[in-house]
Every structure is written in structure tokens, then in C-alpha cells.
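Chains as they are written, first to last, in this note's numbering: chain A, 332 to 443; chain B, 0 to 111. Have a look at the structure below, then the notes.
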């Protein structure tokens with residue numbers, strides 16, 4: 332079975348802190364995604380990557396950056412966390428030849 | 000991606016079939032219909048997808064109308080564990096990084 336893991340289920344940070352969210356997938360998928368999910372707004376794409384060291388902006392990249400140094404790992408970085416970045420963050424992966432995206436369990440981030 | 004419209008919520012008795020409708024009247028010829036679900040506090044889970052033919056797998060069946068303007072996801076024997084938010088998405092499956100845009104979905108409540 333495909334497994335997508337995220338470094339933390341729950342995280343509490345303070346405003347201005349640098350935050351790293353890690354995502355690892357074990358199925359050699361080329362494509363990886365970071366979304367955030369907020370009540371009433373559904374799932375919104377922050378960044379995605381279709382290959383190592385490649386990244387593309389999604390719909391809401393402002394305030395975020397990403398890193399993909401290895402195929403299995405895709406990191407989301409909040410350079411200076413703000414309270415409006417309090418959200419559920421979901422990572423997903425997908426093979427180029429496949430149809431569906433496989434999601435991790437999510438990280439619920441609270442910025443105080 | 001074509002806009003999809005789903006009812007906000009539905010109830011279903013355990014053991015009965017759950018039929019979840021989705022309208023996608025502006026769908027284009029190369030857009031697939033995908034269904035995901037999200038159980039509370041978990042990441043979304045892929046269920047099924049189709050282009051124009053009806054599809055069935057171990058989780059569900061997907062019925063797409065002949066004009067492709069609507070579809071129905073069928074859970075043949077709903078259980079309490081099927082209580083979740085169900086998302087219908089129309090998306091081009093380009094084989095590269097296809098992003099998903101989830102709306103607010105249908106909240107299915109399965110009851111005893």
C-alpha cells in the first residue's frame with residue numbers, strides 16, 4: 332500500500348517562528364503536493380512538485396516555500412509564521428502514470 | 000477544471016445504498032470525474048474515477064450520464080464507517096501534476 336507520512340499530527344508555533352512541515356512517501360511517486368484545508372474553503376493547493384528540485388506554485392503560495400531535495404520527501408516551509416496560517420496542512424503524492432492522489436494524515440498547525 | 004455541484008448533506012441508513020449525486024454540466028470531453036472522501040480528522044481518500052463509462056471497484060460504483068453532465072457515486076451497502084465528506088471533482092488527467100480543487104462536498108451521515 333502507498334504510504335504518505337507527515338512529521339507531526341499537531342503542531343503549535345508562535346508568530347514569527349520558522350516552521351518546517353515534512354512529508355515522506357514510500358512509493359517512488361514523481362508528483363507531490365501541499366494543500367491547506369480550512370472550514371468553508373475546501374482544499375487549496377499551496378505548492379506542488381513533479382520532480383526532484385522542481386517546484387510549481389499552486390493557488391495560494393504566498394507566505395510559503397517548499398523544498399524537494401529527494402524524490403520521497405517534500406517539505407513545506409513557513410518562513411515567518413502568522414496567525415492566518417493556522418490550518419490543516421495536507422500532503423499528497425501521485426505517480427505520473429497514475430490517476431489518484433494519496434494523502435497523508437494531515438498536520439493541524441496552530442500559530443499563536 | 001469544470002465546476003461541480005453537490006448537495007451539502009445527506010443521510011443514509013446503515014445497510015442501504017447511498018447514492019451521492021454530482022452535477023458537472025460544463026465538463027469538457029477530456030475531463031475525468033473523480034471521487035474522494037474525507038473521514039473526520041483524516042486526509043482525503045481516493046474512491047473511484049471515470050471518463051464516460053460506468054465504473055465499479057471494491058469501494059463503490061460510479062454512474063456517469065450519457066451526456067456526462069452529471070454522475071452518481073453509489074456505496075452499495077453503507078456502514079457507519081462510510082460517514083464522511085464526499086468530494087466530486089472534474090479534472091483533466093494529463094499524466095503530469097494534476098492539482099485537485101476540492102469544494103465543500105457532501106457530508107454523508109450513515110445512521111443505525
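Each residue gets a CB set at the ideal place from its N, CA and C atoms; glycine is no exception. Small disclaimer: the values here were computed from a predicted structure and weren't measured.
| Could you give the distance in angstroms between the alpha-carbon of residue 362 of chain A and the alpha-carbon of residue 100 of chain B? | Numbered from its first residue, the first chain carries residue 362 of chain A at position 31. Numbered from its first residue, the second chain carries residue 100 of chain B at position 101. Rounded to whole angstroms, residue 362 of chain A to residue 100 of chain B spans 16 Å at the Cα level.
| message | Give me, in chain order, the residues of the same chain whose beta-carbon lies closer than 8 Å to that of residue 9 of chain B; leave out the 5 immediate sequence neighbours on both sides. | response | Here residue 9 of chain B refers to the residue found at position 10 when the second chain is read from its first residue. Answer for residue 9 of chain B: 17, 19, 105, 106, 107 and 108, listed in chain order.
| request: Mind checking who residue 369 of chain A pairs with in its DSSP beta bridge? | output: The residue you call residue 369 of chain A lines up with position 38 of the first chain. DSSP output for residue 369 of chain A lists A/373 as bridge partner(s).
| message | Only counting the same chain, and skipping five residues up and downstream in sequence, which positions put a Cβ closer than 6 Å to that of residue 71 of chain B? | response | Your numbering for residue 71 of chain B matches position 72 in the second chain. For residue 71 of chain B, where only same-chain residues beyond five positions count, the Cβ hits under 6 Å are 18, 20 and 62.
| query | Going along the chain, which residues of its own chain have a beta-carbon closer than 8 Å to the beta-carbon of residue 369 of chain A, five neighbours each way excluded? | reply | Along the first chain, read from residue 1 onward, the residue named residue 369 of chain A stands at position 38. If we look at residue 369 of chain A and ignore the five residues flanking it on each side, its Cβ neighbours are 375, 418 and 419.
| With a CB to CB cut of under 7 Å and the five nearest residues on each side skipped, what residues in its chain are close to residue 147 of chain B? | Given a span of 0 to 111 for chain B in the structure shown, any question on residue 147 of chain B remains unanswerable.
| Using a Cβ-Cβ cut-off of 8 Å (strictly less than) and excluding sequence neighbours within five positions of residue 443 of chain A, which residues of its own chain qualify? | Position 112 of the first chain, counting from 1, holds the residue named residue 443 of chain A. Answer for residue 443 of chain A: 343, 344, 345, 346 and 414, listed in chain order.
| request: Could you tell me whether the Cβ atoms of residue 403 of chain A and residue 357 of chain A are closer together than 8 Å? | output: Residue 403 of chain A sits at position 72 when you count from the first residue of the first chain. Residue 357 of chain A sits at position 26 when you count from the first residue of the first chain. Yes.
| query | In three-state DSSP terms, what is residue 5 of chain B? | reply | Locating residue 5 of chain B in the second chain gives position 6, counting from the first residue. Three-state result, residue 5 of chain B: coil.
| field | Unbroken beta strand (DSSP E) run spanning residue 24 of chain B, endpoints | value | Here residue 24 of chain B is taken as the residue at index 25 of the second chain, counted from 1. Note, residue 24 of chain B: premise wrong, no beta strand (DSSP E); not H, not E.
| field | Residues of its chain near residue 382 of chain A, where Cβ-Cβ distance is below 7 Å and the 5 sequence neighbours each way are ignored | value | To locate residue 382 of chain A, count along the first chain from 1; it is residue 51. Around residue 382 of chain A: 361.
| Can you tell me whether DSSP reads residue 414 of chain A as helix, strand or coil? | Your numbering for residue 414 of chain A matches position 83 in the first chain. Helix, per DSSP.
| field | Alpha-carbon spacing of residue 411 of chain A relative to residue 391 of chain A, whole angstroms | value | Taking the first chain and counting its residues from 1, one reaches residue 411 of chain A at position 80. Taking the first chain and counting its residues from 1, one reaches residue 391 of chain A at position 60. Rounded to the nearest angstrom, the two C-alpha atoms are 16 Å apart.
| field | Neighbouring residues, chain A, relative to residue 103 of chain B (Cβ below 9 Å) | value | Numbered from 1 along the second chain, position 104 holds the residue referred to as residue 103 of chain B. For residue 103 of chain B, the C-beta contacts it makes with chain A under 9 Å involve 371, 372 and 373, in order along the chain.
| In chain order, what residues of the same chain have a beta carbon less than 8 Å from the beta carbon of residue 31 of chain B, not counting five sequence neighbours either side? | Here residue 31 of chain B corresponds to residue number 32 of the second chain, with the count starting at 1. For residue 31 of chain B, where only same-chain residues beyond five positions count, the Cβ hits under 8 Å are 48, 49, 50, 89, 90, 91 and 92.
| Any chain B beta carbon closer than 8 Å to residue 432 of chain A | By 1-based counting over the first chain, the position of residue 432 of chain A is 101. With 8 Å as the cut-off, residue 432 of chain A counts as an interface residue toward chain B.
| Test item: CB-CB of residue 398 of chain A and residue 335 of chain A under 8 Å | In the first chain, counting from the first residue as 1, residue 398 of chain A sits at position 67. In the first chain, counting from the first residue as 1, residue 335 of chain A sits at position 4. Going by C-beta atoms, residue 398 of chain A is not nearer than 8 Å to residue 335 of chain A.
| query | Alpha carbon to alpha carbon, how far is residue 386 of chain A from residue 15 of chain B? | reply | Working through the first chain from its first residue, we reach residue 386 of chain A at position 55. Working through the second chain from its first residue, we reach residue 15 of chain B at position 16. Rounded to the nearest angstrom, the two C-alpha atoms are 45 Å apart.
| query | In terms of residues, what are the limits of the beta strand (DSSP E) holding residue 49 of chain B? | reply | In the second chain, counting from the first residue as 1, residue 49 of chain B sits at position 50. Unbroken beta strand (DSSP E) run through residue 49 of chain B: 44–49.
| task | At 7 Å on the CB atoms, spell out the chain B contacts of residue 352 of chain A, in chain order. | result | If you number the first chain from 1, residue 352 of chain A lands on position 21. Correct list: empty, because the minimum Cβ distance to chain B is about 13 Å.
| said: Using beta carbons (cut-off 8 Å, strictly below), is residue 421 of chain A in contact with chain B? | reply: Here residue 421 of chain A refers to the residue found at position 90 when the first chain is read from its first residue. Judged by the 8 Å Cβ criterion, residue 421 of chain A is in contact with chain B.
| Local Cβ density within 10 Å of residue 75 of chain B, reported as buried at 16 or more and exposed below that | Indexing the second chain from 1 puts residue 75 of chain B at position 76. That one is exposed.
| field | C-alpha gap between residue 87 of chain B and residue 426 of chain A, whole angstroms | value | The residue you call residue 87 of chain B lines up with position 88 of the second chain. The residue you call residue 426 of chain A lines up with position 95 of the first chain. Cα to Cα, residue 87 of chain B sits roughly 21 Å from residue 426 of chain A.
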